[in-house]
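Going down the list, the protein sequences come from chains A and B. Basically the working numbering = 1-based index in the first sequence + 333. Basically the working numbering = 1-based index in the second sequence + 414. Backbone N, C-alpha and C define an ideal beta-carbon position, used for all residues, glycine too. A short write-up of the structure that comes next.
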Amino acid sequence: MSMTEDPRVMIQFGFLLCLTGLLVAPLISATMRRSTSARRADAAFIIGSLLIGAAVGAAVLWHGEAADLDLSRLAPFALALKVDRLSAFFFFLICTVSAPVTLFSIPYAQQHYSEGRATWFWVLLPLFVLSMVVVVTAATGFAFLFGWELMTLLSAALILLEGDSDDRRHNAFIYLLMMHVGAAAVAACFFLFLGQASNLTFEAMRSAGASLTANVRVWVFVTAMFGFGMKSGIVPLHLWLPRAHPIAPTPVSALMSGVMLKTAVYGLVRITFDLLGGPAGWTGYVVLLVGAVTAVLGILYALGEHDLKRLLAYSSVENIGLIYVALGAAMLFAATGLPTLAALAVIAALLHALNHAFFKSLLFLGAGAIHHSTHTLDIENLGGLQRRIPVVGVSCLIGCCAIAGLPVFNGFVGEWLMFKSLLAGGELHAIGGLPVLPLMIGVVGLVSGLSAACFVNVYGISFLGRPRTPQAHHADHTPRAMQVALVFLASGCVLLGIWPGLVLRPLLSLVAIIIPGAGTPSELQLISHVLPVLAGSMVALLLASLALPRVKRLTDTWACGLPELSPRMEYTASSFSKPIRSVFAFVYRSDRKIEVTPAEEPYFPQAMSYRSARTTSFEKSFYRPLVDTVIAAAQQLRRLQTGNVQVYLLYIFLTLVCLLFLLRFSR
Amino acid sequence: MGILDVAALKILSSAAVLLFTTALLMAGAKRISTCVYLFAFQSAVLTAQVFATAFVQHSPEAYAVGAMVLLVKVLGIPYALLWLMRRLRTPHDVGTTVGTGNSVFIMAGLILLSFSAVRLYLQDFLAVEVALSAAVALILSGAFLMVTRSKALMQVLGLLVLENGIFLAALVTTFGMPFIIEIGIVFDLVIGILLMGVFAFRIRDTFEHLDVSRLRRLRG
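Below you can see the structure in the form of structure tokens.
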């Protein structure tokens, strides 16, 4: 074996090692002795496999040497995996984020689960990660669908592992239902290639992609958009997201929100840019508009929430919207012959996907840590946590800064590149496109502003001020493993924010493959060089301001003349977001009800009750009629069932006779 | 051409007429026992066809199939059904939901339909065409009997007629299926009859009648 083959062999070996590790880990957890140290060893084993996977992903991303694994002989269908650069990026994303999440799971499972359930948890968790790995590395349609379906089922199993109640079952049912409808669309999307492709390997589909008729291409795009949109939670298909994420175990929520949604982004990029051999112009407009609506509504719904996990779930909807906006812009550029700008927009989308994976799983884990310490996730019941659990506080602060898109944190880089590519949309307008892209700048700007407000709310209400409840006052210590996981993700956010070049350079070589003829966008150079300098000067400024002598003054806060300050005087999450919610009142449409007793003397009430329930208007005006129609149709169909055997036989008989008639008169 | 060859070819081409007749007579029959005898006769015609095919094709396996059909369908099942009727001691009428006169007319229509449908697709072989339409007609008549006769035993008989049709279709399109498949089908049939016999007893013991049109409580 010569030295030049070494990286390839190492990559191949590492890939196999990672897959085997994830496959063996459940077996170990199912069979081993149930002690704390054994659990830790098992988790360490999983984390080791994931780190190897991350290294493999990074190596493929840098070198471009593909790793592959063909299991078609062992499986009843063509099951082949291949890590090319695009797969490697998402593979890297999955492994890097899953590793700290696994670490976080150790104390989480210990606190929340009995022994039996903990075993199940440790069996299902690595399999869930493995299924996502299979999805992004699949080289055949069947392998993809296999992973896709497994991903749904395993995550649903993990949701039900957390507990059992009617409400939970209902939400899990909605999750499964929507996922299966989406999976059907994805399957249809792959099968549409069969008209031209001889089989469903991506290789064959890629070579068939160019020769598909225009009609079929439309259907491929529509089914892909629907199927992947269902998984990634675009509006109005986002219904399952705020239902499934809050009830999942916190580490799983982090994985679902941070990582699983990205598999849908991967699918869309794979289909439109790779397999179809380039997008059409109108698809760009569709993706752009869907993304814009999703982003705006997602963040507005997030602002209206005060359950931390629901809020984060809606915020994921928003971020997926942003990614779609960038993808839509990329499709437009690619379709109109501006490959360099298309490359910029795709890089923005992929980078934002990676960034979102980092800061969203960080925030979900932060929420888990808060729940661990205070046993509540309602931010109205929190407050003053920064001094009680400082590591969690600082990590969450970094996460909030990143998600709000502040400079020197990773969220900024993606959004900046997004802005740059949208600003370049003027060029598109000059050669005859619709002036949609410049308008999108306003949309993305609005979304960034709202998300900043939303996360100021989150951090300010839960970590600053005084504790609002005894639970928040007596917040417990956070376990070391949770702290390490949070710090790992937070430092990832900072690192990517200061040295985006680390990811941008391999992303550029990735994009050069899927968008032929793309040059190097100058913005990448700029941002890679400016941010370290900016970070350095900020640190210098900070140090300088610390070094300067300051006058310290200690006085009591003025309490409007009242004897002392109480937590009830503080801003609440609802009051903080109220101005924004008033402006966008038409989005929320909350049902408010005020009851005053006694009713005949409204000006001298003895008791008042106020209730406000928010249902998103989609549930009322879109899903409710849909469900009602389906149920009504089913009721009508029930009439077919009379209970009489002979009538059933008659149906068969009539079918037979009708078929014969068809046979007779069709010629 | 020997006398046996002539006889074999004649059987193959004209057995369809006998089969149509049995189908029409069954539609007109009022007593279950008449139907059982007609079924035995129908199966006998089928057996003759199997033997004729075996003779023409020089296939020893087909003789074995013919013997099996003779044993099971011509003798065994009719005997079992008649024994069942004696033991069950139920009324002997077939339980018509469509009158026998109308049934004959509908049956004739079904035969016409099967003829006209099949003819379009097999214009080359005259002998096969008639036999195949007979097969389709038998399938339809079996299904028709199951739909319009409400007694449990008639349901069994309808199924048997239907199976005869399928058997005939297999015979004329492939000139005899592989032996092992034939054995499987016959075995299937025997087990089916056995189960239905057991159920007939159970239904009678539970509901004091054998009228399936009155069994309608199980529904979604």
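At a CB-CB cut-off below 7 Å, which residues of chain B make contact with residue i?
i         : result
Val963(A) : Those do not exist, as Val963(A) stays about 16 Å from chain B at its closest Cβ, beyond 7 Å.
Gln816(A) : Those within 7 Å of Gln816(A) in chain B number zero; the least Cβ separation is about 56 Å.
Val978(A) : Val626, Leu629
Ile985(A) : Ala557
Cα separation between residue i and residue j?
i         : j         : result
His571(A) : Asp961(A) : 19 Å
Ile520(B) : Leu432(B) : 18 Å
Asp711(A) : Glu638(A) : 9 Å
Ile425(B) : Phe998(A) : 31 Å
Ser945(A) : Val929(A) : 15 Å
Val514(A) : Gly560(A) : 7 Å
Ala545(B) : Leu496(B) : 29 Å
Ala613(A) : Phe606(A) : 10 Å
Ser335(A) : Gly726(A) : Note that Ser335(A) scores 45 on pLDDT, short of 50, meaning its location in the model is unreliable; the coordinates nonetheless yield the value given after this. Rounded to the nearest angstrom, the two C-alpha atoms are 51 Å apart.
Leu527(B) : Pro492(B) : 29 Å
Arg616(B) : Ile607(B) : 14 Å
Lys885(A) : Thr802(A) : 30 Å
Cys428(A) : Val416(A) : 13 Å
Ile507(A) : Arg445(B) : 56 Å
Ser362(A) : Leu463(A) : 15 Å
Val519(A) : Tyr618(A) : 21 Å
Cys449(B) : Arg501(A) : 59 Å
Along chain B, in chain order, which residues have C-beta atoms closer than 8 Å to that of residue i?
i         : result
Val990(A) : Leu524, Leu527, Leu554
Have a look at the options and flag the residue whose alpha-carbon is nearest the alpha-carbon of residue i.
i          : options                                    : result
Val469(A)  : Leu458(A), Pro459(A), Leu460(A), Trp481(A) : Trp481(A)
Ala391(A)  : Phe423(A), Leu457(A), Gly758(A), Val990(A) : Phe423(A)
Leu983(A)  : Leu585(B), Gln569(B), Phe469(B)            : Gln569(B)
His396(A)  : Tyr508(A), Tyr618(A), Arg838(A), Ala818(A) : Arg838(A)
Pro440(A)  : Ala918(A), Ala408(A), Arg372(A)            : Arg372(A)
Lys753(A)  : Phe788(A), Ala940(A), Gly775(A), Ile736(A) : Gly775(A)
Leu383(A)  : Val619(A), Thr452(A), Val430(A), Leu402(A) : Val430(A)
Leu683(A)  : Tyr657(A), Ala702(A), Thr669(A), His708(A) : Tyr657(A)
Thr707(A)  : Pro800(A), Val619(A), Ala625(A)            : Pro800(A)
Gln979(A)  : Phe621(B), Phe558(B), Ile595(B)            : Phe558(B)
Val780(A)  : Leu959(A), Ala516(A), Ala628(A)            : Ala628(A)
Thr1001(A) : Asp500(A), Ala505(A), Ala472(A)            : An answer regarding residue 1001(A) cannot be provided, because it is not within the stretch 334 to 1000 covered by chain A.
Ala437(B)  : Glu596(B), Leu571(B), His472(B)            : Leu571(B)
Ala662(A)  : Tyr634(A), Ile653(A), Leu674(A), Asn652(A) : Leu674(A)
Ile913(A)  : Val551(A), Cys787(A), Glu748(A)            : Cys787(A)
Are the CB atoms of residue j and residue i within a distance shorter than 8 Å?
i         : j         : result
Phe535(A) : Leu483(A) : no
Cys734(A) : Phe742(A) : yes
Ala681(A) : Leu594(A) : no
Val576(B) : Gly556(B) : Before going further, note that residue 576(B) is Leu rather than Val in the sequence given. For Leu576(B) and Gly556(B), yes; Cβs fall inside 8 Å.
Ala690(A) : Gly591(A) : yes
Leu677(A) : Pro854(A) : yes
Ser784(A) : Ala737(A) : yes
Pro672(A) : Ile860(A) : no
Leu487(A) : Leu460(A) : yes
Gly703(A) : Leu715(A) : It is Ile, not Gly, that sits at residue 703(A) in the sequence shown. Contact flag set, yes.
Phe745(A) : Gly830(A) : yes
Take residue i and list the residues in its own chain whose beta-carbon comes closer than 7 Å to its own, dropping the five residues that flank it on each side.
i         : result
Phe434(B) : Ile525, Ala548, Ala551
Asp625(B) : Gly509, Ser564, Lys565
Ala541(A) : Phe526, Gln529, Ala530
Val549(A) : Leu525, Gly528
Ser457(B) : Val483, Lys487, Val488, Asn578
Val464(B) : Ala476, Val479, Gly480, Val483, Leu585
Ala399(A) : Val393, Lys415, Val416, Asp417
Lys926(A) : Arg944
Under 8 Å Cβ to Cβ from residue i, same chain only, skipping five residues before and after it: list those, please.
i         : result
Ser907(A) : His639, Glu713
Ala818(A) : Pro433, Val434, Leu436, Phe437, Leu698
Leu404(A) : Leu412, Ala413, Leu414
Name, please, each residue of chain A whose Cβ falls closer than 7 Å to the Cβ of residue i.
i         : result
Ser530(B) : Arg997
Among the residues of its own chain, which have a CB less than 6 Å from the CB of residue i, if the five just before and after it don't count?
i         : result
Ile985(A) : none
Leu360(A) : none
Gly610(A) : Gly542, Ala543
Can you name the residues of chain B whose CB is closer than 9 Å to the CB of residue i?
i          : result
Phe1066(A) : An answer regarding residue 1066(A) cannot be provided, because it is not within the stretch 334 to 1000 covered by chain A.
Below 8 Å on C-beta distance, what does residue i contact in chain A?
i         : result
Val377(B) : The structure shown has nothing for residue 377(B), since chain B only spans 415 to 634.
Ser564(B) : Gln979
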